[in-house]
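Participant: The structure under discussion is supplied below as structure tokens; questions concerning it will follow.
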Amino acid sequence: MSYDFTLTSYCKACDTTTQHFNSNYTSNTSPMFYKVFPEGIKKLHNKDADEAVEILHTFWEYFTINKRELEELNPSNGWGDYESTLKLIKDMQKASFKAPNEGAVWTVYS
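Positions in the sequence shown are counted from 1; adding 636 to them yields the working numbering.
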């Protein structure tokens, strides 16, 4: 299984949808996300970019403070690990910062 992450915005005036971020990532690292929030990374679902910045900062902060604990959760099958998950969080933060202030919304599907 995996997660599909998308950050999109819709421009009413120009009737276009813009995709700011799109990624597929293994769900094998879900236990790491669940350490931060009970709903894990799905906490981002339907959140606008501004809200997501705060949520992703909380993930990033927890991950950096608890590196050793989270590294112990690296999947034994090699699909995903602490480092690549932290990179995903950073990439999602950057996308949220760059997205338009209004209308950019995250979707998270598994």
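Virtual Cβ for every residue (Gly too), placed ideally from N, Cα, C.
Predicted model, so just to flag it, every value in this text is computed and none were measured.
(1) Spell out the partners DSSP gives Tyr745 in its beta bridges.
(2) Alpha helix (DSSP H) containing Ser666: first to last residue?
(3) Should the stretch 703-722 be called in touch with the stretch 659-676, which here means at least 3 C-beta pairs below 8 Å?
(4) For Ala672, which residues of its own chain have a beta-carbon under 7 Å away from its beta-carbon, when the five flanking residues on both sides are left out?
(5) In three-state DSSP terms, what is Phe657?
(6) What does Thr652 pair with, by DSSP beta-bridge criteria?
(7) Taking DSSP as the reference, what is the three-state secondary structure of Asp684?
(8) Among all the DSSP beta bridges, which residues are the ones paired with Thr662?
(9) Count the CB pairs spanning the stretch 703-718 and the stretch 726-734 that are closer than 8 Å, and state whether there are at least three.
(10) What residue from Asn682, Met637 and Asn702 has the CA that sits closest to Ser732's CA?
Facilitator: Let's see:
(1) Taking the sequence shown and counting its residues from 1, the one referred to as residue 745 is at position 109. In DSSP, Tyr745 forms a bridge with Asp640.
(2) Sequence index remark: in the sequence shown, residue 666 carries index 30 (1-based). Counting along the chain, the alpha helix (DSSP H) containing Ser666 begins and ends at Ser666 to Tyr670.
(3) yes
(4) Position 36 of the sequence shown, counted from the start, is the residue given in the question as residue 672. According to the sequence shown, residue 672 is Val rather than Ala. Cβ within range, chain order: Thr694, Phe695 and Tyr698.
(5) Here residue 657 refers to the residue found at position 21 of the sequence shown. Reduced to three states, the DSSP call for Phe657 is strand.
(6) Residue 652 sits at position 16 when you count from the first residue of the sequence shown. Answer by DSSP bridge pairing, in chain order: Cys647.
(7) Here residue 684 refers to the residue found at position 48 when the sequence shown is read from its first residue. Asp684 falls in the strand class under three-state DSSP.
(8) What you label residue 662 is simply residue 26 of the sequence shown in a count that begins at 1. According to DSSP, which records beta bridges pairwise, Thr662 is partnered with Ser638.
(9) no
(10) In the sequence shown, the residue the question calls residue 732 occupies position 96. Here the closest residue by C-alpha is Asn682.
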